[in-house]
Amino acid sequence: MNMPAFDNKDSRVPATEAGTINRSKSMTVIITRTRFEKLCNRTKASWLRLHERLQSMPLAYKLSFFITVLVVSCMTLLGVILVQQQTGQWQDQISEQGYTLVQLMAESAKEPLLADDERALNTITSGFSNNGSVLGTAITNLDVEIISRAGVLHEENNLLTRNALQQTIRRSSDSSTWEWQPLTGRKRQTVMSFVRPIVFQEVTAGYALVTFSQSGMTQSTRRAVQAISGATLMIIALSIAMAFALGRRITQPIDKLVDASRAIGNGEYTFRFKERRKDELGLLMEAFNEMAEGMLEKSQVKSALSRYVSPGVARQILSNLDNVALSGKRIEGSVLFADISGFTRISEKTSAEDLVSMLNRYFSLITCACALNHGIVDKYMGDGVMLVFGAPEDDEDHAFHAVSCALLMQQLVAHENRQREATGLFPVQFRIGINTGSMLAGNMGSQERMEYTVVGDTVNLASRLCGITNSGQIVISREMYARDDITGRVLAGEYQSIRLRGISQPVSTYLVECLTADYQEIIEKQLEKILRNESLRDCDA
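The C-terminal residue of the sequence shown carries number 540 in numbering that gives the first Met the number 0, and the numbering is unbroken.
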């Protein structure tokens, strides 16, 4: 018989359809991968949020949380072990009792089973079913047909129960656990059947079967779980309270350390821990006290140093204590010299105490004016003072600040003179010379004694200008007045050309009158600020 030939080409999938299937699979893989990545990202974000919350949680709460988790974990593990141990004990007890009863039942049923004495078999099954934990007993023949039965397990004609018992016997196992579903509407329960062959002179005549209920074991396990759960809840409540109390006790000194750190950050260097502890926290407190003592000493040194040198120079020295050496660098800055006109005549008719008091008063005013204009007091020279602008910290507007400082000094001296005249004292006049340009700034002197100052031709010219100035005048060089940052903001007139020793060409000078209207308000605000501060100590810009 000839069979039809099949063409393999007809059974192949067309190329276009195969390509569509491959693309569909690729899209499915891509979508699955994308969903997995999104799930991973969401999981990671959740963990990060949880981590941030734990980080922001107070330490006492963290400690309570971790101790509670530890206690819950330990109690859960202990409960599982206890429940498993008790369940195993119940299981062993049921097994021992079941094997004993089924063995006795098999021995008792030998002769009645061979004699086909149904009454005797019924007596045996009834007798063994009277045990409280036995649900039912049965004796079957060799074909696993139930000959005699007793107990609640057999009080009804339950085909499901009969089939389950027959399957239990056919398994050739000593015991079997199965689910019994009564027809009386009671709940399904787990039972355990024990099987023993009835052997007479090495001939198996049938089987003896005893079925036990595991409800007692289940109830006992449930009670154990309830007891353990109750104990766990009580221990958890106690552990939370104890952990919180312990956490507060442990974190209390840490909170004090945090408060102390804030106090130190606010400049309260006198803070000290009075509590004495011998643990690690006590060592930390002692170290903190030593640190606060060191910072207080440094603050006191800085405060004292700032009285002898400019605050900017003091900061520079303190920030570079390991490298304080003689050095200098070329800078662009401005220098202001001021002294009292006719000081020799004034000192002759004034007592030393009054002279010192007067100088301190005027120098205090000049220091405030200098600070408000970003300058430093380089040195006091008898009745004179030298101010530097643009050092040690850079200042692009140093020339304008020097002129502003000089004009402010004029107004402060005028105000002070009015007060002196009102009390019958003689007025004091200052003459001021200013110059700007290149100069050398740095630590100068010797290794044993040095000072921060500026030197150069620019400084010398400023000192010379102060020497030729009349009382109450401010003189600057022509080169300074020609600067772009001065011409448009300062009003000045030509003063005189002077010849100075060591300089071949005459030096043209200008007499400063005031600032332009747009900038005059700066001087007025600075004057008001200084006059409002009666102690003359808060002169920071």
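Ideal Cβ positions, reconstructed from N, Cα and C, are used throughout, including at glycine.
Every value quoted in this text rests on a predicted model; they were computed, and no experiment measured them.
query: So Asn-121 is in the beta strand (DSSP E); what residue range does that whole segment cover?
result: Unbroken run through Asn-121 is the alpha helix (DSSP H), 117–128; no beta strand (DSSP E).
- prompt: Does the stretch 121–130 touch the stretch 185–201, meaning 3 or more C-beta pairs lie closer than 8 angstroms?
  reply: Not touching, per the Cβ criterion.
Residue from Met-290, Glu-285, Ser-507, Glu-447 whose Cα sits closest to the Cα of Glu-267: Met-290
field: Three-state class that DSSP yields for Lys-348 in the structure shown
entry: Under the three-state reduction of DSSP output, Lys-348 falls in the coil class, being neither helix nor strand.
message: Let's see if you can read the secondary structure: which residues bound the alpha helix (DSSP H) around Asp-377?
response: No alpha helix (DSSP H) contains Asp-377, which is instead part of the beta strand (DSSP E) from 374–380.
query: Do you know whose CA, among Thr-75, Glu-296, Leu-526, Ala-244, lies nearest Ser-63's CA?
result: Minimum Cα-Cα distance from Ser-63 among the listed residues Thr-75, Glu-296, Leu-526, Ala-244 corresponds to Ala-244.
task: Have a look at the DSSP bridge pairing and note the partners of Met-443.
output: Glu-450
- request: Give a yes or no on whether the C-beta atoms belonging to Cys-465 and Arg-498 are separated by under 8 angstroms.
  value: no
- prompt: Buried or exposed: where does Thr-176 fall if 16 or more other Cβ atoms within 10 Å of its Cβ makes it buried?
  reply: exposed
message: My assumption, with CB atoms under 8 angstroms, is that Gly-436 sits in contact with Val-474. Please give the rounded CB distance.
response: Their Cβ separation, rounded to whole angstroms, is 15 angstroms, which puts Gly-436 and Val-474 out of contact at 8 angstroms.
field: Spatially closest choice to Val-143 from Gln-88, Thr-203, Gln-92, by CA coordinates
entry: Thr-203
- prompt: Based on Cα-Cα distance, which residue from Ala-405, Val-82, Leu-407, Arg-32 lies nearest to Arg-222?
  reply: Val-82
query: Should Ala-421 go down as buried or exposed, given a rule of 16 or more other Cβ atoms within 10 Å for buried?
result: exposed
- request: Going by CA-CA distance only, name the one from Asp-173, Leu-530, Gly-441, Tyr-361 that's closest to Glu-95.
  value: Asp-173
- prompt: Relative to the alpha-carbon of Gly-389, which residue among Asp-517, Ala-440, Glu-493, Ala-137 has its alpha-carbon at the smallest distance?
  reply: Ala-440
query: Smallest Cα separation from Gln-410: which of Ala-368, Met-385, Met-479, Asn-442?
result: Distance from the Cα of Gln-410 is smallest, within the candidate group Ala-368, Met-385, Met-479, Asn-442, for Ala-368.
message: Count Cβ pairs between the stretch 356–373 and the stretch 400–419 that sit closer than 8 angstroms; are there 3 or more?
response: yes
message: Within the continuous alpha helix (DSSP H) that includes Glu-415, where are the two ends?
response: 397–421
task: Tell me whether Gly-432 sits in a helix, a strand or coil according to DSSP, three-state version.
output: Judged by DSSP in its simplified three-state form, Gly-432 adopts strand.
- request: Scan the stretch 453–511 and note each continuous beta strand (DSSP E) run of 3 residues or more that stays entirely inside, going in chain order.
  value: 473–476, 489–497
field: Reduced DSSP secondary structure (H/G/I, E/B, other) of Leu-182
entry: coil
query: Is the CB-CB distance between Ala-207 and Ala-108 below 8 angstroms?
result: yes
- prompt: To the nearest angstrom, how far is it from the Cα of Glu-117 to the Cα of Ala-149?
  reply: 13 angstroms
query: Can the beta-carbon of Thr-136 be found closer than 8 angstroms to that of Val-209?
result: Pairing Thr-136 with Val-209 gives a Cβ-Cβ distance under 8 angstroms.
- prompt: Looking at Ile-138 and Thr-160, is the spacing between their C-beta atoms short of 8 angstroms?
  reply: no
field: Spatial distance of Asp-456 from Met-438 (CA atoms)
entry: 7 angstroms
- prompt: What is the C-beta distance between Phe-193 and Val-101, in whole angstroms, given that I count them as a contact (C-beta under 8 angstroms)?
  reply: 4 angstroms
message: What does DSSP give as the partner residue(s) for Ala-137 in the beta ladder?
response: In DSSP, Ala-137 forms a bridge with Arg-148, Leu-208.
- prompt: Going along the chain, which residues of its own chain have a beta-carbon closer than 6 angstroms to the beta-carbon of Thr-112, five neighbours each way excluded?
  reply: In the sequence on display, residue 112 carries Leu and not Thr. Non-local C-beta neighbours of Leu-112 in its own chain, meaning closer than 6 angstroms and more than five positions away in sequence, comprise Ile-197, Ala-204, Gly-205, ordered along the chain.
query: In chain order, what residues of the same chain lie with their CB nearer than 7 angstroms to the CB of Ser-470, ignoring the 5 residues before and after it?
result: The beta carbon of Ser-470 sits closer than 7 angstroms to those of Ser-340, Gln-428, Arg-430, all from its chain and outside the five residues before and after it, given in chain order.
- request: Tell me whether Val-384 counts as near the ligand GDP, meaning its Cβ is closer than 7 angstroms to at least one heavy atom of that ligand.
  value: Inclusion of the ligand GDP in the displayed structure is not the case, the ligand content being empty and no account of it being possible.
- prompt: So what does Ala-390 bridge to, in DSSP terms?
  reply: Answer is none; Ala-390 lacks a bridge partner.
query: Exposed or buried, Gln-525, counting other C-beta atoms within 10 Å across all chains shown (16 or more means buried)?
result: buried
query: For the beta strand (DSSP E) that contains Gln-188, what are its first and last residues?
result: 188–199 is the span of the beta strand (DSSP E), which, as asked, contains Gln-188.
query: Quick one, which of Ile-249, Asp-484, Val-355, Ala-398 has its alpha-carbon nearest Gly-281's?
result: Ile-249
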